[in-house]
Amino acid sequence: MEKQKKISIYIAGDCVDSLNDNILTIPGIGGSTIIPVNGYWLDDDTNLIEEDSYIIQVIANENLVRKVLYKIPLVVDDQDCVLVTIEDVDSLLIKLNKLL
273 MEKQKKISIY IAGDCVDSLN DNILTIPGIG GSTIIPVNGY WLDDDTNLIE
323 EDSYIIQVIA NENLVRKVLY KIPLVVDDQD CVLVTIEDVD SLLIKLNKLL
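First residue of the sequence shown? That's 273 in my numbering, and the numbers climb one at a time after it.
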C-alpha cells in the first residue's frame, strides 16, 4: 500500500482559491483543507509585510506529491501571491527567500 503524506502549503495573497482548485484537478487527490493564518515576513528590502495567509493541507499518496508541487508555480507566478514554505510530514521544510 502506498504511503500517504500530508503536504502543508503556506501561501499569502489572493491565489489560495485558484491554487486549491488547481490541486483538486489532480486525479487521485480527494480533497484539501484551507486554514486561514496571519502571515508576517520580510521582503528583499527588509520591509515588514503583513498579508492574509493560508495553509492548504493536502493528503496524497507519495506518487502524487510531485504533481501537487508542480501546480504551485503555475498559479503563484501568474497572480499577486507569495509562496512562503512547503512542509510535509517528514518535516522537510523548503524555505524560499524571495517573492515569486
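Glycine included, every Cβ here is placed at the ideal spot set by N, Cα and C.
The beta-carbon distance between residue 340 and residue 298, rounded to whole angstroms, is 7 Å. This is short enough to meet the 8 Å contact definition. Residue range 288-295 is occupied by the alpha helix (DSSP H) that includes residue 295.
C-alpha of residue 347 to C-alpha of residue 275: approximately 27 Å in a straight line. A Cβ-Cβ separation of about 6 Å places residue 308 in contact with residue 326 under the 8 Å criterion.
Only exposed fits residue 300, as fewer than 16 other CB atoms lie within 10 angstroms of its CB. In the three-state reduction of the DSSP assignment, residue 343 falls in the helix class. For residue 278, the beta-bridge partners assigned by DSSP are 331. Between residue 337 and residue 295, the CB-CB gap reaches or exceeds 9 Å.
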